[in-house]
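Residue numbering for the sequence shown follows the numbering used here, beginning at 7 and increasing consecutively.
Worksheet: the structure to be examined is printed underneath.
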Amino acid sequence: MMYTAIDELEFRGLKFVNEDAFSYLDGSLKVLKFPRTPGAISINYRAFSYNDFEEIWIEDCEDTQYTFGIDYAAFYNTSVKRIFCNSSRVPSLGGPFDSRVMCEQEPYDPSSGEEPWIFPFKNPDKGIMNLADLKAIKLYVPQKCMELYAAHHYWGHFDIEEMDFSAGVAETLSDVADPFRAVAGEGVIEFEAVEDVDINVYDASGRSVAIARLVAGDNRTLSLPAGIYIAVASGHSVKVAV
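Written as structure tokens, this is what we have:
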């Protein structure tokens, strides 16, 4: 099966993604989203390997026994820059030989000279070879969860920042046209108004940073520091990375 021109994938209601299911796409895939589901989700070995996507959005499942699971080499040789993890429980990591062996039960042993838990996001082409290299990937976690992730022997190596996830990771589906469009560039967000609208812009912590008042057909550019922002107006929200 040939996949072409896929920019964003949102997975709803699935239980697992099989080995190599979405490996070697055409380079257009940039965003993966896994909204909250009733049962646990497992991302199997090399399910998304060898891709150029930049963002992963994850929500914890409703299952109280299991957490969101990422298997060995699931995202091997990808270009992930940002992981949005809306979960007060740390996602589990599958072992290299048995996906049932989770990182929490089989912690990394520095004296072994091996670093097996790097492999879900290992990328030799991008220089992400060791645990210390994971600092190149931004990990956004829920408010008041910074210490939980920072203390973890794997996730603690990412560049962690708290974020307000009150809107969740799934986009609201509607037949109503979006009142505005937002596109992020280097240091800016460019808005185009479809209708008269007041656009409120929030940073990742939920703090209001700007209000853009536009009439239908207007274009406006806001200069902002690097970071994640949420633009909201008339019930429509857009998350962008500057």
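Using N, Cα and C, we set each Cβ at its ideal position, and we do this for glycine too.
- Three-state secondary structure assigned by DSSP to GLU153: In the sequence shown, counting from the first residue as 1, residue 153 sits at position 147. DSSP, reduced to helix, strand and coil, places GLU153 within a helical segment of the structure shown.
- Task: Drop a sphere of 10 angstroms on the beta-carbon of GLU61, count the other beta-carbons inside from all chains shown, and report buried for 16 or more, exposed for fewer.
- Result: Within the sequence shown, the letter at position 55 stands for residue 61. Buried, because 16 or more other Cβ atoms sit within 10 Å of the Cβ of GLU61.
- Starting from the C-beta of LYS245, find all residues in its chain whose C-beta is less than 7 Å away, skip the five residues before and the five after it, and write them out in chain order. Translated into positions along the sequence shown, residue 245 becomes position 239. Excluding sequence positions up to five before and after LYS245, its CB lies within less than 7 Å of the CB of ILE234 and ILE236, all in the same chain and listed in chain order.
- Cβ pair ALA239, VAL203 closer than 9 Å: As a first step, residue 239 is located in the sequence shown; it is residue number 233 there, counting from the start. As a first step, residue 203 is located in the sequence shown; it is residue number 197 there, counting from the start. One thing to note: ALA239 has its Cβ within 9 Å of the Cβ of VAL203.
- Query: Grouping DSSP H, G and I as helix and E and B as strand, with all else coil, what is HIS158?
  - Reply: For the purposes of this step, residue 158 is taken as the residue at position 152 of the sequence shown. Correct three-state label for HIS158: coil.
- Any C-beta of chain B under 9 Å from that of VAL246: Included in the structure is just one protein chain, with no chain B present.
- Task: Could you tell me how far apart the beta carbons of GLY59 and VAL37 are, in whole angstroms, since I believe they sit closer than 8 Å?
- Result: Within the sequence shown, numbered from 1, the residue matching residue 59 stands at position 53. Within the sequence shown, numbered from 1, the residue matching residue 37 stands at position 31. In the sequence as displayed, the identity of residue 59 is Phe instead of Gly. Yes, they are in contact, since the Cβ atoms of PHE59 and VAL37 sit about 6 Å apart, within 8 Å.
- Task: Tell me where the beta strand (DSSP E) around SER243 begins and ends.
- Result: In the sequence shown, residue 243 corresponds to position 237, counting from 1. 242 to 247 is the extent of the beta strand (DSSP E) around SER243.
- Query: Rounded C-beta distance between VAL147 and CYS91? I'm assuming under 8 Å.
  - Reply: Walking along the sequence shown from the start, residue 147 turns up at place 141. Walking along the sequence shown from the start, residue 91 turns up at place 85. In this structure, VAL147 and CYS91 form a Cβ contact; the two beta carbons are roughly 5 Å apart against a cut-off of 8 Å.
- Query: What's the C-alpha gap between GLY75 and SER48?
  - Reply: Walking along the sequence shown from the start, residue 75 turns up at place 69. Walking along the sequence shown from the start, residue 48 turns up at place 42. Rounded to whole angstroms, GLY75 to SER48 spans 5 Å at the Cα level.
- Note down, in chain order, each residue of its chain lying with its Cβ closer than 6 Å to the Cβ of CYS151, except the 5 sequence neighbours on either side. In the sequence shown, counting from the first residue as 1, residue 151 sits at position 145. Apart from the 5 residues on each side of it in sequence, CYS151 sits with its Cβ closer than 6 Å to the Cβ of SER94 in its chain, given in chain order.
- Message: So, with DSSP's three-state summary, where would you put ALA218?
- Response: Here residue 218 corresponds to residue number 212 of the sequence shown, with the count starting at 1. In the structure shown, ALA218 sits in a strand (DSSP, three-state: E or B).
- Is LYS36 helix, strand or coil when you go by DSSP? The residue given as residue 36 occupies position 30 in the sequence shown. Coil, per DSSP.
- Which one or two residues does DSSP pair with THR227 in a beta bridge? Here residue 227 corresponds to residue number 221 of the sequence shown, with the count starting at 1. Answer is GLU196.
- Contact under 9 Å by Cβ, PHE171 with HIS242: Within the sequence shown, residue 171 is the residue found at index 165, counting from 1. Within the sequence shown, residue 242 is the residue found at index 236, counting from 1. In this structure, HIS242 does not lie closer than 9 Å to PHE171 by Cβ.
- Between which two residues does the beta strand (DSSP E) harbouring PHE186 extend? As a working note, residue 186 is residue 180 in the sequence shown. Unbroken beta strand (DSSP E) run through PHE186: 186 to 191.
- With a CB to CB cut of under 7 Å and the five nearest residues on each side skipped, what residues in its chain are close to GLU167? Stepping through the sequence shown from its first residue, residue 167 is reached at position 161. Answer for GLU167: LYS144, TYR146 and ALA210, listed in chain order.
- Task: Could you check what DSSP says for LYS87 in three-state terms: helix, strand or coil?
- Result: Taking the sequence shown and counting its residues from 1, the one referred to as residue 87 is at position 81. The three-state secondary structure of LYS87, taken from DSSP, is coil.
- Query: So, helix, strand or coil for PHE28, using DSSP?
  - Reply: By one-based count along the sequence shown, residue 28 stands at place 22. Here PHE28 sits in coil by DSSP.
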